[in-house]
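For the sequence shown, counting from 1, position 134 maps to 137 in the working numbering; every step adds exactly one. Glycine residues also receive a C-beta, built at the ideal position from the N, C-alpha and C atoms. Being a predicted model, the structure only gives us computed values, none of them experimental. Take a look at the structure set out below.
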Amino acid sequence: NNPRRIEIAYDNRDITDINKYTKRHLTMRDETQKKTANIQELNAPIGIIDYGINNVKSVFKAFSKIGKKSCIINNPDDLKSVKALILPGVGAFKMGMESLKKHGFVDAIRDDVLNGKPILGICLGMQMLFSVSEEFGECQGLDLIKGKVIKLKSPDQVKDSNYRLPHIGWNQLQIGTRTWRNSLLNSTKKSDLLYFVHSYYPIVENKKDILATTRYGYQEICVVVKNKNVNG
């Protein structure tokens, strides 16, 4: 109830590298997440993968709000029980992949998806669908979509006084190399605004996998991808 206190706290925060505030704690499962990790819906067709550093509760509530049954899965053996997978994530690519490996999800996810099960990667989860990332040193991803995750240009490379990293704010989507019909953007309008918080984006090997882009600092950034049953 004290706006001034909130404003001071924010003004003192260094946001030049958003990962400074995630890499210190995201590799540990906090007690709140442990309590929500076993949330289940009877006969839920959608499985939200909990590998310890992702916002599973928010995603679960989002599906509940639109009337879709989902469950939170923290055991790779349980992936077989659902019809579709959701891979959310926050923080840095390398730590996300390390946590997926630690909890035994990498091979389980790849086996299911390569056998045709749909997957949706959200935020960091979308980036981890790719082959490799350069964030905090080169790190291998799930390799479900061919490409490399790289950092946006630094402010000194962009002649725009309003350009900042991370890219935080509302931007419009641009149609990529394929139509949005029968995709997760089926009901999205080109004029719609989406909110972004990121410093990295994927360079996609097969341009046909690019569903949508956005523009920031004179850069065209791939932000939505689709390759058969793989979406991000």
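Given a cut-off of 7 Å on the beta-carbon distance, is the pair residue i and residue j in contact?
i, j, result
"G50", "C74", "yes"
"T216", "Q160", "no"
"Y203", "E138", "yes"
"V93", "N118", "no"
"C142", "K97", "yes"
"I153", "I206", "yes"
Rounded to a whole number of angstroms, what is the C-alpha to C-alpha distance between residue i and residue j?
i, j, result
"N78", "K151", "28 Å"
"I52", "M131", "13 Å"
"V135", "C126", "15 Å"
"K120", "P48", "11 Å"
"L103", "V109", "6 Å"
"R32", "I213", "Annotation note: pLDDT 44 at R32 (below 50); position unreliable, no value reported."
"S1", "L88", "Residue coverage of the chain in this structure runs from 4 to 235, which leaves residue 1 outside it and unanswerable."
"N234", "S186", "9 Å"
"T30", "I171", "Residue confidence for T30 is low, a pLDDT of 42 falling below 50, so the modelled location carries little weight; the figure read from the coordinates is stated next. Cα to Cα, the separation comes out at about 23 Å."
"D115", "S164", "46 Å"
"G70", "F63", "11 Å"
"N189", "V226", "15 Å"
"G144", "W183", "26 Å"
"H106", "P158", "37 Å"
"D81", "T191", "32 Å"
"D146", "D195", "30 Å"
Check each candidate in the options and name the one with the smallest Cα separation from residue i.
i, options, result
"H201", "N232, H106, A95, G140", "A95"
"E208", "L187, T180, S186, D195", "T180"
"V228", "G140, E141, H106, K149", "K149"
"L197", "Y166, W173, K211, T182", "W173"
"R167", "F199, I76, S194, G107", "F199"
"K210", "N230, G124, G107", "N230"
"N46", "K86, D80, T191, S61", "K86"
"G140", "M100, D195, D146", "M100"
Round the Cβ separation of residue i and residue j to the nearest angstrom and send it over; I've been treating them as touching at under 8 Å.
i, j, result
"G128", "P169", "Not confirmed; about 17 Å, so no contact."
"K162", "Q222", "The Cβ separation is near 12 Å, so there is no contact."
"N232", "I122", "7 Å"
For the ligand GDP, is there a heavy atom less than 6 Å away from the beta-carbon of residue i?
i, result
"K193", "As for the ligand GDP, it is missing from this structure, which has no ligand bound."
Original post:
Unbroken alpha helix (DSSP H) runs of length 4 or more, entirely within the stretch 95 to 180: which are they?
Top reply: 96 to 105, 109 to 117, 127 to 130
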